[in-house]
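Number of protein chains: 2
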Amino acid sequence: MMRLDSRDADFAAAFAGLLSVKREISEDVDETVRGIIAGVVSGGDAALVDYTRRFDRLGEDFSATSLRVTPDEVRAAIAACPADALDALRLAATRIEAFHRGQVPGDHMATDEIGVTSGWRWTALESVGLYVPGGTASYPSSVLMNAIPARVAGVPRVVMVVPMPEGQMNPLVLAAADLAGVSEIYRVGGAQAVAALAYGTETIAPVAKIVGPGNAWVAAAKRRVFGQVGIDMIAGPSEVLILADGHANPDWVAADLLAQAEHDVAAQSILITDSSELADAVESAVERALATLPRADIARASWRDYGAIVRVRDFDEAVPLVDRLAPEHLEIETADPEALAAKVRNAGAIFLGSHTPEAIGDYVGGPNHVLPTARSARFSSGLGVLDFMKRTTILRCDPAALRALGPAAIALGRSEGLDGHARSVAIRLNL
Amino acid sequence: MMRLDSRDADFAAAFAGLLSVKREISEDVDETVRGIIAGVVSGGDAALVDYTRRFDRLGEDFSATSLRVTPDEVRAAIAACPADALDALRLAATRIEAFHRGQVPGDHMATDEIGVTSGWRWTALESVGLYVPGGTASYPSSVLMNAIPARVAGVPRVVMVVPMPEGQMNPLVLAAADLAGVSEIYRVGGAQAVAALAYGTETIAPVAKIVGPGNAWVAAAKRRVFGQVGIDMIAGPSEVLILADGHANPDWVAADLLAQAEHDVAAQSILITDSSELADAVESAVERALATLPRADIARASWRDYGAIVRVRDFDEAVPLVDRLAPEHLEIETADPEALAAKVRNAGAIFLGSHTPEAIGDYVGGPNHVLPTARSARFSSGLGVLDFMKRTTILRCDPAALRALGPAAIALGRSEGLDGHARSVAIRLNL
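Respectively, the protein sequence lines represent chains P and L. Each residue of the first sequence is one higher than the one before, counting from 1 in UniProt numbering. Each residue of the second sequence is one higher than the one before, counting from 1 in UniProt numbering.
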């Protein structure tokens, strides 16, 4: 863990160092992934089954007819879920849906004074593929966060893929898919699943866009199929930045720093405070909390390698630091968190006040937990309904409007050396 | 040019062939581009000047102090523009700005029945880089289409780069930059300009996102700096799809097909009609119009290699074909174009009726002319104000709200094996 103080002479350099730390180990899997995609494109179901048998350690009885998860399997999974977790998932689904309904954009058409009608309309994508990781990173909450905005957008076909290594699956993931209105579920994963979604096989019809997190193979496959289909962002390790003053509870702050750190050894937790007392108290509280945390090995490595406590003179000094870090998650525990939040330009999601731990937002707050990482909140947004819709602009001129605008279009077409453009207008005006 | 008829036995295969035609020659410039980017990152201004001297054939007198275009140069350029083109640019800028003002999104905050306050706010990107090609593809209209939405979004710093090979520049491009409110202009291009925008040099401060069209080097550089900065779509060759019935004027339709074809030998113009008479008449009209078109060589090659006329039984049969083609531009010249447009899901921009040639939309209609190509209208939208803003979600729980939601978050955290998440909630509730 790094301690910085804005009063130190080398602070600018030290903070720049914090900004430029590389937290991702980029595995070079691109050649392997290229081969797998080509295999699925040429081999279809047979190739998909073959890769899945090999990578997910399945036997000869796994065949093309095993790919799709049946409604009976979904029902059985729901029956196998603990009641409290299922109730919690239902509450989460209801709140996520309510929040995202407010994001559905409106269409717009208007006719101006010269008779030009123009505007736009939003339409849902015709189909979306949702990648869900298997094993320990198989989070039912992420199924809700990815699938619900797609359904709210009006996507008629939401296809989920989830690997089930050795046949193992998390029943809560299937329950979440059912709650979120997923249309089809296939038990495949890795680059082979991404290839199947992008190009289609005999069993899996192709989709228009692929979303959802995955490992290095999945990320490389998504980059490679981009263009053939749309993709969401490529998510990096998770981050939290907490702004807290001397009134904050150090144990609560430490708990929030560790909730982030427990995700991944490459996660990053940063505290910026104007109080050296809080800084010291949080540093101790983190050590105390680590002593009993089940995922302490992961959290300790993250905190040691990428954690930071930054002391500033005041929070006005913190604002430009926040904008440069552009954190995925920003918690503000100061006297007037709204006022401070209003000064910040770059953050994926903001959590206000001491009773809004980021974990509430991970599950049941309502806003999406798929958020821009690695400083990309400078130029991008968290997942939402707009990611599952696209806008078509519409233009209509009546003859009088064309007469009014035509000469300018002709002049610009000619000035750009595009005489054919000018002619397509002129021919309608007998010019 | 390919003629298809939906009544033919091999139509499905022929149409699938039309869909899968590869129109882009992908030059493998990735290694060269990687070297240039690394050069600018390590060498700054000196490397940028060096590459610019070499690629734009400039002499020793071109130095770091020559990089920025001065206000005097901009004033001189405006004075050198033909008055009719300048007036047309002003009209275009006014209309583009008015259209895009309607796209500025609203913020939203609400408190629900259990005391959770949530919503989002939109903020403009802090800075944007606009790439403008030099030479024949240097279009002042594209400067307006890229820069005006950024200014409407509220981006405080809009930086334009435009190569000026052998010192040559198009005065209308500088005039358009001035009209659109560009803040800084640098006379650099290619991968070296993209690198300077992404990483910064002594003279050019880095930006948060890079937009605008470019050649293979520029496209490869944009792909490579993605993540460090945001980028817009990578545009492919332009396309038009025209739906026209037997009442359409074949000379007008032909003029519109050629206005697209004259862009590039890889451009694509397609007519779908229910009238074999119109199909024949348009085919003849294209040949007649080509005889006098200045860019006939380009347009003829595009029409020959990628043009198509598709005859359908009726326009209901055409709708799924349109959705599969997902054209950048869709013109509808039928009896009730609105009704037909309402059935289409996938198109970048729609032009309704026989008095709305696509060229009007290229210049002065108001909607943006930067649109998704190569079937990407299935999952993406044209350029707009939202491309220059990002959304931050906001969540605030009061103590009662945390008590209401906390148990569900704790249950989900534990079910996902993330005990630290559960603890960050439980510690605040003394659970």
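Even glycine gets a Cβ: it sits at the ideal position worked out from N, Cα and C. Please read these numbers as outputs of a predicted model, since none were measured by experiment.
Below the 8 Å Cβ cutoff, chain P contributes Leu-418, Asp-419, Gly-420 and His-421 as neighbours of Glu-262(L), in chain order. In the DSSP annotation of this structure, Thr-117(L) is not part of any alpha helix (DSSP H); the continuous beta strand (DSSP E) holding it starts and ends at 116-124. In terms of Cα proximity to Asp-87(L), the closest of Leu-172(L), Tyr-186(L), Ala-235(L) and Asp-419(L) is Leu-172(L).
DSSP, reduced to helix, strand and coil, places Gln-268(P) within a strand of the structure shown. Per DSSP, the unbroken beta strand (DSSP E) holding Lys-390(L) starts and ends at 389-397. At least 8 Å separates the beta-carbon of Ala-221(P) from that of Ile-427(P).
Remark: C-beta atoms of Glu-331(P) and Ile-242(P) approach each other more closely than 8 Å. Beta-bridge annotation (DSSP): Lys-209(L) is paired with Val-128(L) and Gly-230(L).
When C-beta atoms of the segment 95-115 of chain P are compared with those of the segment 124-131 of chain P, fewer than three pairs fall below 8 Å, so the two segments do not count as touching. Judged by their CB atoms, Leu-197(L) and Leu-144(L) are not nearer to each other than the 8 Å cut-off. With a threshold of 16 other beta carbon atoms within 10 Å, His-247(L) falls short and is exposed.
Per DSSP, reduced to three states, the secondary structure at Asp-5(L) is strand. The distance from the Cβ of Leu-89(L) to that of Ala-175(L) is about 6 Å, consistent with a contact at the 8 Å cut-off.
Within the segment 370-384 of chain P, those residues whose Cβ lies closer than 9 Å to any Cβ of chain L are, in chain order, Leu-371, Pro-372, Ala-374, Arg-375, Ser-376, Ala-377, Arg-378, Phe-379, Ser-380, Ser-381, Gly-382 and Gly-384. Scanning Asp-107(L), Gly-39(L), Met-233(L) and Gln-268(L) for the CA closest to the CA of Ala-193(L) turns up Gly-39(L).
Annotation: Leu-290(P) to Ser-276(P) spans about 21 Å, alpha carbon to alpha carbon. A residue is called buried when at least 16 other Cβ atoms come within 10 angstroms of its Cβ; Ala-85(L) meets this threshold and is buried.
In this structure the segment 344-364 of chain L lies against the segment 408-422 of chain P, because at least three pairs of beta carbons, one per stretch, are closer than 8 Å. Taking all protein chains in view, the Cβ of Gln-168(L) is surrounded by fewer than 16 other Cβ atoms within 10 Å, so the residue is classified as exposed. Pro-407(P) sits buried, since 16 or more C-beta atoms from the chains shown fall within 10 Å of its C-beta. Within the segment 113-132 of chain P, those residues whose Cβ lies closer than 7 Å to any Cβ of chain L are, in chain order, Val-116, Ser-118, Thr-123, Leu-125 and Glu-126.
Following the DSSP letters along the chain, one finds His-247(P) in no beta strand (DSSP E), marked with neither H nor E.
Taking the Cα of Ala-281(L) as reference, the smallest distance to any Cα among Ala-92(L), Ile-231(L) and Val-253(L) is reached at Val-253(L).
Residues of chain P whose Cβ lies closer than 7 Å to the Cβ of Pro-357(L) are, in chain order, Ser-424, Val-425 and Arg-428. Counting only the Cα atoms, Ala-14(P) lies some 7 Å from Leu-4(P). Here the segment 259-266 of chain P does not lie against the segment 370-390 of chain L, with fewer than 3 beta-carbon pairs under 8 Å apart. For Gly-214(L), same chain residues with a beta-carbon under 6 Å away, outside a window of 5 residues either side, are Tyr-131 and Pro-133 in chain order. Within the model, the alpha-carbon separation for Leu-67(P) versus Leu-48(P) is close to 9 Å.
Scanning chain L for C-beta atoms nearer than 7 Å to the C-beta of Gly-361(P) yields Leu-395, reported in chain order. Sequence-distant Cβ neighbours of Val-229(L) in its own chain, meaning closer than 8 Å and more than five residues away, are Gly-129, Leu-197, Ala-198, Pro-206, Val-207, Ala-208, Lys-209 and Ile-210. Leu-257(P) is not a Cβ neighbour of Leu-278(P), given a cutoff of 8 Å. Of the other Cβ atoms in all chains shown, fewer than 16 fall within 10 Å of the Cβ of Ala-9(P); this residue is therefore exposed.
Secondary structure at Val-225(L): helix, using DSSP grouped into helix, strand and coil.
Taken atom to atom, the span from the alpha-carbon of Met-2(L) to that of Arg-23(P) is near 52 Å. Contact of Asn-368(P) with chain L by beta-carbon distance below 8 Å involves Thr-393. Scanning chain L for C-beta atoms nearer than 7 Å to the C-beta of Ile-350(P) yields Thr-392 and Ile-394, reported in chain order.
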